[in-house]
Amino acid sequence: MQLANSELDYLDIEILLKQIEINRSLTNIDLSHNRIREEAAKALADILKSNKTIINLQLVSNQIYDKGAEALGNALKVNKTLTTLNLRDNGISVNGADALGDALKENHTLTNLNLAYNRISHEGIEAIMNALKVNHTLTILNLALNEISDRGAEAFADALKVNRSLINLDLHRNRITEKGAEALADGLKVNQTLTTINLSYNRISDPGAKILADVLKANQTLNTIYLKSNIISDKGAHALSDMLTVNQTLTTLHLGENQITDKGAEALADALKTNQTLTTLHLGENQISDKGAEALADALKTNQTLTTLHLHTNQISDKAAEVLSDKPEVNQIRTTVTLRDDQMFENEAKAFANAFRHDPTITSLHLADDSMLDFGIQALAEALGVRPTPTVPNFPSDRISDIQNEIFADKLEAHKILTTLNLEHNEISDKEVQAIADTLEVNKTLTTLNLARNQIYNKGAQALAIALKRNQTLTTLDLAHNQISNKGTEALADALKINRTLTTLNLSCNSILERGAEALANALEVNSLLTSLDLGHNEISDKGAQAIADTLKVNQTLNTLNLARNEISDKGAKALAIALKVNQTLTFLDLQNNHIPHKAIQAFGDALKVNQTLTILDLATNQISEKGAETIGMALKVNQTLLTLDLSSNNILDKGAEALSDTLKVNKTLTTLRLWYNQISEKGAQALADALKVNKTLTTLDLSLNKTSDKGVEAIADTLKINAVLTTLSLSSNQISEKGGELLADALKVNETLTSLDLKCNKISDKGADALADALNVNKTLTTLNLLFNKIYDKGAEAIADTLKINQTLTTLDLAENQISDKGAKALADALKTNRTLTALNLDGNQITEKGINALSNASKFHQTVTTLCISQNQIFEKEAEVLANTLKVHETLTTLNLEHNQIYDKGAEAIADALKVNETLTTLCLKDNQIFEKGAEALADALKVNQTLSTLCLWYNEISDKGVEAIADALKVNQTLATLDLSQNQISDKGVQALADALKVNETLTILNLEYLLISDKGTEAIADALKVNQSLTSLELKWNQISDKGAEAFSDTLKVNQTLTNLNLGNNIISEKGAEALADALKVNHTLTTLYLDGNQISEKGAVALANALKVNQTITSLNLANNSMLDYEIEALADALEFNHTLTTLHLNGNQVSDKGAVALADALKVNETLTALYLSLNQISNKGAHAFADALQVNQALTILNLDGNKISMKEEETLVDALKARERNVSLH
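Have a look at this one:
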């Protein structure tokens, strides 16, 4: 059963467990990457106690913590079938490890146990090691990425002396030094079973290497040892080389990323001349030069066993590489990198401009990502100067420079026809804006100017404001996603008092506070032309909202107002509602994602009773509750203008739904109602269905993520038989079974209006699918059907396929995450040959292999309407990939292809790359987890040099090395379309990253780069940081789980002081200490763009945390900060709490997995009494008891902003939990305590 990454919620898991309990044939279960918590783990454990078939259980990346591990441990004591248990990344610490250790003493079947990436210290390890002394079945144990240290290694040593079963032990990234290595060596002296040990990424230096080497002289079983990324120099290499002259079992020795120079390489070379067993030697990323390489080459002339020698990322010249290449078995090394830069050159630019000048049919110009040089812009500007016909220049992402901008502005000034200019997402700063502003003062034709997503600050806004006072034509100005704060806003507001043309102003996603909002409000009292104002994603708060509300009472032109995500609570909302009573122009009001409580909704209810203009009201994700819904419902019985209402994620419950249903029976205007995630059950659904029998206006109803079940669906289905207006219905994640599917199908046979039906994440199965298919044979209106994750097998797919041969309306069909195999795929493919309407088909996460892929590919050649094909997590190999590639060469509509979690290897990647050279439509390609190596990466890189459409490429979790990424980096220097690149979890080290850094210095399109789980140290980090000083496009960089220390953090600090584009930086799970944190904190004091910073899983202690706290007092952009798992004590937490009293931007703070006690909790609680912006606080797995919980409960009586408080895994009593839950419920908050 494969249900990994299925986003199962508690109810899904509950249903699933019931099925597992009665199933008598299930052997494998994969529930990784879901939301399985302690209670679900306990239920699963109860099943395991009696189950006699399950042998493999995968629970990676869930939240079972110690209590869940304890339950599973108890189950293992009696279970007699389970052989593999994977609990990686589950927050398990000492208690959980103790329980599993006790279980291993009694269990006689488990052979493979994975506990990597938990929080197990030496104390937890001792319990497991005690068990290994008596356990005789466990052969594989993975404890990587924990905190076992030398004391834990000592416990291992004692166990290894008596254990007779363990053959594979993984202890990488566990902070083991030579002391721990010495202990392990002592155990290996007598151990006779262990064949593989992984000690990479620890802190073992030369003495530790020597001790291990001495033991290996006598050990007769160990054949593989990993010592990558430790602190081993020539002395350690000498000791290991001495060992190799006598050892007769070792076949693999990994010494990459250490400090070995030529001397160490020469010693190892001498050993290779006599050694007759070693087949693989890794020496990559050391300090070996030609001398060492030549010694190794000389050794290879006589050595008859070594087949693989890794020397990448050393200091070896081409000459030495040639010497090594004389030995065919050795990996050849390339150190020469070819650099290319294919920007638009002068002749091309002139030719293009000439064509533009003389072709009267060109009316719209799009040069996105062309990296035009100055002469390119100049040539175009000259053409524009004599252009005889109107045109619309559009330069998003062209990265226009200062010179280019001035030339263009100069020509624009004299141009007589141009009306629209789009300069979105360039590098336009205040200086360049001045030139544009000067032009606007004299230009008499431009009506629309788009400057969104640039680098415009207050000075630029002030220059534009001066121009607006004189300009007499501009009607639309877009300044979204810039850095404009109060001063710039005040200048624009001043201009609005005089300007007589502007009707639309977009200032969303800037840094505008209440003062800026007050200035705009003041201007709107006299301005009589502005109709649309967007201030979404700023921080105007209640005061700003109150000022705008006062203006709405007198303003007679504004019809569209966006105030989403602005920290507006009770006072601001009430003021706006009161204004609506008298305002006679506003038609659209967006207040989603604020902090509006149900008390303020009474004012909105009163306003809606008398307001006669508002047509769209968005109140999603506030704190409205059932009382607020009842108030709105009463008002809508009277209101005759509102068309769209969004009350999603407001906890309105059945009572709220019932109130709204009463409204729908009499309301005659509402067309769209969104109520997703509101805890509505069958009772609420029945009430809404009853209302729709008489309602004649509602066309869209969203009930996703509720609890309607089959009974609720039965009522909705009965309604659909007679309702003649509803066109869109969403019932995803609503506990609907096959019965509910059959009921809806029966309704579709007679319904003549529904066009979109969303049933994803339910359990309709084959019977439900068969019924729906039967309905589609006669239904003539449905165009979109979503059946993702519904337990549909081949039978259901075949039924749907038969329908597709007849149906002439369906355009989008989602069958992902079901159980469809080749049989079902063939049936669907056969249907595609005759179907002429389907454009999107999703088959991700099924069981399709070669035969099914061949059928689908063949069908796609005939079916040229499909734009999206998703077939991830099937059984696609090289042959199938080649078939798909051939299809890509001729297919003219496909834009998205998802092949993740298959096994296409290099040959498959090469085939797809070959297709990309001629394909002109594909924009998104996902090849995640496909066993792609160097050759495949190089082929894809060659394709990127010529392909002009691909914008997203995902290569996560493959086997791409530095050489492969160097090829991709080389391609990025010329590619002008790729915006997102994911290379995480490959075999990329500093050398590969340096190549990417060089590419970033010239690439101007890439915005998102993912480099997680690689082999990047400070050297690579410094290269990336240096590149970002000049790169102006990258906005998101993921570097978690690398080997970045303080040096790398300091490099990023320097970069953040000058970089103006990066908004997201993830440095989690590296080795950054207080020194690195202090450097980053220093940068945050001046940086104005970074909004998200992850530093979790590092070693930030007192000074680092205090420095970050001080930075938060002045920083005005960071909204999310993650400091989880940093061993922080109360003193550091108190400093952060103090910062929260001053900070006005931070909305999310992660402090889970530290050592916070009641003292720190009380400090944070006190801060919450004054802080008005923090919405989510995570404190799970700390040491908070009743006193701390009580302090939070007290704080939440005052705090109006916090909506999420996570206190999982602390020491809070049931009574205190109830008190805290009551406090949160009173304010419609979300709390997690277990």
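Going by the numbering used here, the first residue of the sequence shown is number 189, and it counts up by one from there.
Beta carbons: idealized from backbone N, C-alpha and C, even for Gly.
Item checked: Burial state of E678, where buried means 16 or more other Cβ atoms lie within 10 Å -> Looking at its Cβ environment, which holds 16 or more other Cβ atoms inside 10 Å, E678 is buried.
Margin query: Rounding to the nearest angstrom, what Cα-Cα distance links L942 and A879 in this structure?
Written below: The straight-line gap from Cα to Cα measures roughly 17 Å.
Item checked: Sequence ranges, beta strand (DSSP E) only - wholly within the stretch 963–1021, length at least 3 -> Listed in chain order, they are 972–974, 1000–1002.
Notebook entry, point to check: Under the DSSP definition of a beta bridge, which residues are partnered with C1114?
Noted result: Assignment of beta-bridge partners to C1114 by DSSP yields N1086, C1142.
Next item on the list: Select from V434, D842, K797 the residue whose C-alpha is nearest the C-alpha of A406.
Entry: Closest by C-alpha distance to A406, out of V434, D842, K797, is V434.
Item checked: Buried or exposed (CB count within 10 angstroms, at least 16 for buried), E930 -> Buried.
Check: Does the distance from the CB of A1312 to the CB of A1353 come in under 8 Å?
Finding: For A1312 and A1353, no; Cβs fall outside 8 Å.
Item checked: CA nearest to the CA of I1389, picked from T384, G1208, E1360, L802 -> Inspection of the sequence shows that residue 1389 is occupied by Ala rather than by Ile. It is E1360.
Notebook entry, point to check: Is the stretch 834–842 touching the stretch 800–815, taking contact as three or more C-beta pairs under 8 Å?
Noted result: With contact defined as three or more Cβ pairs closer than 8 Å, the stretch 834–842 and the stretch 800–815 are in contact.
Check: DSSP state of F1380, grouped into three classes?
Finding: The answer is helix: DSSP assigns F1380 an H, G or I state.
Notebook entry, point to check: CA-CA distance, N418 and D394?
Noted result: Taking C-alpha positions only, N418 is separated from D394 by approximately 9 Å.
Check: Excluding sequence positions up to five away, which residues of its chain have a Cβ less than 8 Å from the Cβ of I355?
Finding: In its chain, beyond the 5 residues on either side, T327, I328, T381, L382, T383, T384 have a beta carbon closer than 8 Å to the beta carbon of I355.
Notebook entry, point to check: If we count the other Cβ atoms within 10 Å of its Cβ and call it buried at 16 or more, is S1315 buried or exposed?
Noted result: Counting Cβ neighbours within 10 Å, S1315 comes out exposed, since fewer than 16 surround it.
Notebook entry, point to check: Assuming I399 and S421 make a contact with CB atoms under 8 Å, what is their CB distance in whole Å?
Noted result: Not really, about 15 Å apart at Cβ, beyond 8 Å.
Check: In chain order, what residues of the same chain have a beta carbon less than 7 Å from the beta carbon of A1299, not counting five sequence neighbours either side?
Finding: Only A1269, L1272, K1273 meet the Cβ criterion.
Next item on the list: Would you mind working out which of D290, S849, N1286 sits nearest N1230, comparing C-alpha positions?
Entry: The shortest Cα separation from N1230 among D290, S849, N1286 belongs to N1286.
Checklist line | Presumed contact (8 Å Cβ cut-off) between E755 and S729, rounded CB distance | finding: Right, their Cβ atoms sit about 5 Å apart.
Notebook entry, point to check: Considering only C-alpha positions, which residue in the set T999, D358, K321 is nearest to K349?
Noted result: Its Cα nearest to that of K349, the residue K321 stands out among T999, D358, K321.
Notebook entry, point to check: Hey, quick one: how far does the beta strand (DSSP E) through N1074 stretch, first residue to last?
Noted result: Boundaries around N1074 are those of the alpha helix (DSSP H), 1066–1078, since no beta strand (DSSP E) includes it.
Check: Contact check, K1189 vs V1162 under 8 Å by CB: the rounded distance?
Finding: With 8 Å as the limit, K1189 and V1162 do not qualify as a contact, their Cβ atoms being about 13 Å apart.
Notebook entry, point to check: If we call anything under 8 Å between Cβ atoms a contact, is A733 one with L764?
Noted result: It is a contact, given that the beta carbons lie within the stated cut-off.
Notebook entry, point to check: T271 and L298: beta carbons closer than 8 Å?
Noted result: Note that the C-beta distance between T271 and L298 is below 8 Å.
Next item on the list: Take every Cβ of the stretch 248–263, pair it with every Cβ of the stretch 1337–1351, and state whether three or more of those distances are shorter than 8 Å.
Entry: No, the stretch 248–263 does not touch the stretch 1337–1351.
Margin query: Would N390 pass as an interface residue toward chain D - the criterion being a Cβ-Cβ separation below 8 Å?
Written below: Reference to chain D is not applicable here, since this structure consists of a single protein chain.
Margin query: Only counting the same chain, and skipping five residues up and downstream in sequence, which positions put a Cβ closer than 7 Å to that of A1211?
Written below: Cβ within range, chain order: V1181, Q1182, A1185.
Check: What's the call for D738, buried or exposed, on a 16-neighbour Cβ count within 10 Å?
Finding: That one is buried.
Item checked: Assigned exposure category for S716 - 16 Cβ within 10 Å defines buried -> So S716 counts as exposed.
Next item on the list: Could you tell me which residues DSSP puts in a beta bridge with L805?
Entry: According to DSSP, which records beta bridges pairwise, L805 is partnered with L777, L833.
Notebook entry, point to check: Would you call the stretch 1149–1166 and the stretch 1111–1131 in contact, with 3 or more CB pairs under 8 Å?
Noted result: Between the stretch 1149–1166 and the stretch 1111–1131 there are three or more inter-stretch CB-CB distances shorter than 8 Å, so the stretches are counted as touching.
Item checked: Beta-bridge pairing of Y414 - partner residues as DSSP gives them -> Answer is N386, H442, bridged to Y414.
Note to self: Rounded to whole angstroms, what is the Cα-Cα separation between L751 and T775?
What the structure shows: Roughly 14 Å between the two C-alpha positions.
Margin query: Please report the distance separating the alpha-carbon of L387 from that of A345.
Written below: Here the C-alpha atom of L387 lies approximately 14 Å from the C-alpha atom of A345.
Checklist line | From T409, E366, N379, residue whose alpha carbon lies closest to that of L415 | finding: Here the closest residue by C-alpha is E366.
Next item on the list: Starting from Q246, follow the beta strand (DSSP E) in both directions and report where the run begins and ends.
Entry: It spans 244–246 - the beta strand (DSSP E) in which Q246 sits, taken as one unbroken run.
Check: Name the DSSP bridge partner or partners of D1170?
Finding: BP columns for D1170 point to C1142, N1198.
Item checked: Own chain, CB closer than 6 Å to A1159, minus 5 neighbours either side, in chain order -> Cβ neighbours of A1159 beyond the five flanking positions: A1129, L1132, K1133.
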